[in-house]
Amino acid sequence: MSGGPPRFSSRLHVPPSVRKPPWLLQRRQIQLESTVGASVWSDFSFKDRLKESGITFRNRITDDSGKRYLPIHYDHGCGLAAADIDGDSFLDLYLVNQSGGNELWRNLGEGRFANWTTPGLALVDRISVSASFADIDNDGDPDLYVTAVRDGNVLFENDGRGGFTDIGIGSGIDYRGHSSAAVFFDYDRDGLLDLLLCNVGDYTREQAVVSSVGLPYYPGRENAFSLHLEPGRGEKSALFKNQGDNRFVDVSQSMGLEDASWTGDASAVDINADGWQDLYVLNMHGSDQYYENDRGRRFVRKTQEFFPRTPWGSMGIQVFDWDSDGLLDLYITDMHSDMSKGVEWNREKEKAEVEYTEDFLQTGGMSIFGNAFYRNLGDGRFEEISDRIGAETYWPWGLSTGDLNADGYEDAFITASMNYPFRYGVNSLLLNDQGRRFVDREFVLGVEPRRGGRTSTSFFELDCSRADMGHKDCRGQSGTVEVYGALGSRSSLVCDLDGDGDLDIVTNDFNSEPMVLISDLNERKPVLRYLKVDLVGRRSNRSGLGAIVQVKSGGRTYTQLRDGRSGYLSQSLLPLYFGLGEADSVEQVEVRWPSGTHQTLSRPIPANQLLLVEEPL
2 MSGGPPRFSS RLHVPPSVRK PPWLLQRRQI QLESTVGASV WSDFSFKDRL
52 KESGITFRNR ITDDSGKRYL PIHYDHGCGL AAADIDGDSF LDLYLVNQSG
102 GNELWRNLGE GRFANWTTPG LALVDRISVS ASFADIDNDG DPDLYVTAVR
152 DGNVLFENDG RGGFTDIGIG SGIDYRGHSS AAVFFDYDRD GLLDLLLCNV
202 GDYTREQAVV SSVGLPYYPG RENAFSLHLE PGRGEKSALF KNQGDNRFVD
252 VSQSMGLEDA SWTGDASAVD INADGWQDLY VLNMHGSDQY YENDRGRRFV
302 RKTQEFFPRT PWGSMGIQVF DWDSDGLLDL YITDMHSDMS KGVEWNREKE
352 KAEVEYTEDF LQTGGMSIFG NAFYRNLGDG RFEEISDRIG AETYWPWGLS
402 TGDLNADGYE DAFITASMNY PFRYGVNSLL LNDQGRRFVD REFVLGVEPR
452 RGGRTSTSFF ELDCSRADMG HKDCRGQSGT VEVYGALGSR SSLVCDLDGD
502 GDLDIVTNDF NSEPMVLISD LNERKPVLRY LKVDLVGRRS NRSGLGAIVQ
552 VKSGGRTYTQ LRDGRSGYLS QSLLPLYFGL GEADSVEQVE VRWPSGTHQT
602 LSRPIPANQL LLVEEPL
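Mapping of the sequence shown onto the working numbering: residues 2 to 618, in sequence order.
Structure follows, in structure tokens:
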């Protein structure tokens, strides 16, 4: 029996190479050969367990990234955040969408999830961008903040059982504009989490239209990629002080923080080690900015003193102790520099050769055209060493770090690609070779190629015999055509998703389903030793965001910042994970709380457990 006529006359891959990139196997072979004699341990792998997880979420885009393609900021994608929303000790996931609604997935254990989305949480009436879990009222459960394009950001209060109530109206942070990441931190050390809201710029038109899939969106301005040159198009980021009782007030002007950069993300970190959290603010169209916190009284811009040269098109940032010297380093990914000129796959580890003029760049020749890695030398001094250590990648977006092989050194996972109508780009997994360099291992560890060898996904449909005859992809085509573009990830997070003692990776892919990359390290590593640390603030904010934790074990000291940053456009509440090598216990744990309290636990602590540290009153 016939199943009826085929839905499509043909399938079209744009460009044709995304169907089966000719260089992918060659790149894989080169990377496999590079493991011979390597000192970094990589005898484990990841497998995409999306089907087994039960997660059915699919990211859907606006027409500006597909059928009506424009080089506009919609292609920056959406966030992905994790937290234990109901107190059952399992990490739950909130995945953000542009079209069709966000979804909350409750962790049932052992890598299985159930859809926990309510109509209110889905926010189907707006184009969402980022998500942040933060305990804004210090009641012991994670609240949720979601940013959006034009239709207003939303604050949800958690009832402690995983039920969320929209309390955005009246909160003071229901901002309407072109928001991106939301960074919660306590700038004045009063024990309440404040908010830095990153805003990009006015890149859309004011009137919404209905997309090809029947959902409203705001079309982008034709020259969106150069709008940073137009006065008045920038949209200042905003600093909101938490006044308690779920109320925030904008203190940007009084605190001297009026940044009009085209900002997608930022990080709160104590750069000058004075006990007060400073801000490193990214700029996707120019120089980044560093603001020093003057003891909670004001922020002072001191970029040139600390970071005279920064990436020109910054997207993601992570703060971590790369070389285990007790000092926090900064790793920043630069996406927009790579858009100046396309390169072949074998040149992706090089800095970009930009063809933009200074009239477009407007940074006075002080830009880095690619990723930056600032190694902390102490005493407020930083050295940019990205090329020396292999930190350059191509088309990078989100950046997550974690000790994926539990050897005591934090590794990096970087989402990448440009999707339709560009060629395929790989996600990067960089293993940390004992603080000496990063080594590329995405093919070795099963991250690339993707599940089933897929490199493309369906982007849109065309009626090339009638309505869409004038579309550029209808040339030489007739009938109904399904257009495929490159697969690509945007946001990611690294956490122990299935509770087996090793770190897994979850992504939010662009116009596709996520990847749930489960590690088999616990099965493959002869001796797996780790310590998870969670914090309960008393004088500090309840989650201890901003705390620095040092773990001493086996003659080594491991240092981590609890900032909730994992990936791009997201903030999560995750336990800190310390790989311990082969040490079977920890001698000492020291916590420098945001309040200024120093706490030391000096007793043998067995490995392979979750340690809960409560701040003394």
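Yeah, the Cβ is synthetic: ideal placement off N, Cα and C, and Gly gets one too.
Check, Outcome
"Segment limits, beta strand (DSSP E) that includes THR416", "412-417"
"Same chain, Cβ closer than 8 Å to PRO16, neighbours up to 5 away in sequence not counted", "PRO422, PHE423, ARG424"
"Endpoints, beta strand (DSSP E) assigned at ARG12", "11-14"
"Alpha helix (DSSP H) segment containing GLY121, residue limits", "120-123"
"Exposed unless 16 or more other CB atoms sit within 10 angstroms - verdict on LYS526", "buried"
"For PHE361, the first and last residue of its enclosing beta strand (DSSP E)", "Looking at the DSSP string, PHE361 is not in any beta strand (DSSP E); the run it does join, the alpha helix (DSSP H), is 359-362."
"Sheet register partners of TYR292 (DSSP bridge)", "LEU280, ARG302"
"Ranges of the beta strand (DSSP E) found wholly within the stretch 132-171, counting only runs of at least 3", "144-149, 155-159, 165-167"
"Residue nearest to CYS465 in terms of C-alpha spacing, selected from THR458, TRP346, VAL482", "VAL482"
"Enclosing alpha helix (DSSP H) for ASN509 [first to last residue]", "Taken as a continuous stretch (DSSP letters only), ASN509 belongs to no alpha helix (DSSP H), being part of the beta strand (DSSP E) at 505-510."
"Collapsed DSSP secondary structure at HIS599 in the structure displayed", "strand"
"Span of the alpha helix (DSSP H), counted from its first residue to its last, around ASN523", "522-525"
"Nearest residue (CA-CA) to THR36, options THR166, ASN512, VAL440", "VAL440"
"Proximity below 8 Å, CB of ASN247 to CB of ILE137", "yes"
"Local conformation of CYS79 per DSSP, three classes", "coil"
"Status (buried if at least 16 other CB within 10 Å, exposed otherwise) for ASN512", "buried"
"Exposed unless 16 or more other CB atoms sit within 10 angstroms - verdict on ASP76", "buried"
"CB contact flag (TRP396, ASP339, <8 Å)", "yes"
"8 Å Cβ cutoff met for ASN154 and ASP167", "no"
"Residues that DSSP places opposite THR63 in a beta bridge", "Answer by DSSP bridge pairing: none, since THR63 is not bridged."
"MET336 versus VAL201 - alpha carbon distance", "15 Å"
"VAL528 vs VAL517 beta-carbon contact at 8 Å", "no"
"CB contact flag (ARG563, LEU546, <8 Å)", "yes"
"6 Å Cβ shell around MET2 - same chain, five flanking residues per side excluded", "Below a pLDDT of 50, predicted positions are generally treated as unreliable, and MET2, at 41, falls in that range; no measurement from the model is reported."
"Bridge partners - PHE439, DSSP secondary structure assignment", "ASN433"
"Assigned secondary structure, ARG455 (DSSP; H/G/I helix, E/B strand, else coil)", "coil"
"Spatially closest choice to ASP93 from PRO143, ILE415, THR63, by CA coordinates", "PRO143"
"DSSP state of MET2 mapped onto helix, strand, coil", "For MET2, the predicted model reports a pLDDT of 41, less than 50, meaning its position is unreliable; a value from the coordinates is still stated below. Correct three-state label for MET2: coil."
"Selected residue, minimal CA-CA separation from MET285, among MET367, VAL301, MET316, GLN278", "MET316"
"THR334, buried or exposed, once every other Cβ within 10 Å from all chains shown has been counted against 16", "buried"
"Given VAL211 as reference, the closest of ILE56, THR205, TYR219 once Cα atoms are compared", "TYR219"
"For GLY215, the nearest candidate out of ASP279, GLY403, SER100 (CA to CA)", "SER100"
"Nonlocal neighbours in the same chain, by C-beta distance under 6 Å from SER459, ignoring five residues either side", "GLU483, TYR485"
"Segment limits, alpha helix (DSSP H) that includes GLN27", "25-34"
"Bounding residues of the beta strand (DSSP E) (the contiguous stretch that carries LYS52)", "Taken as a continuous stretch (DSSP letters only), LYS52 belongs to no beta strand (DSSP E), being part of the alpha helix (DSSP H) at 51-54."
"Span of the alpha helix (DSSP H) around ILE635", "Summary: the structure shown does not reach residue 635, with the chain confined to residues 2 through 618, and so no result is reported for it."
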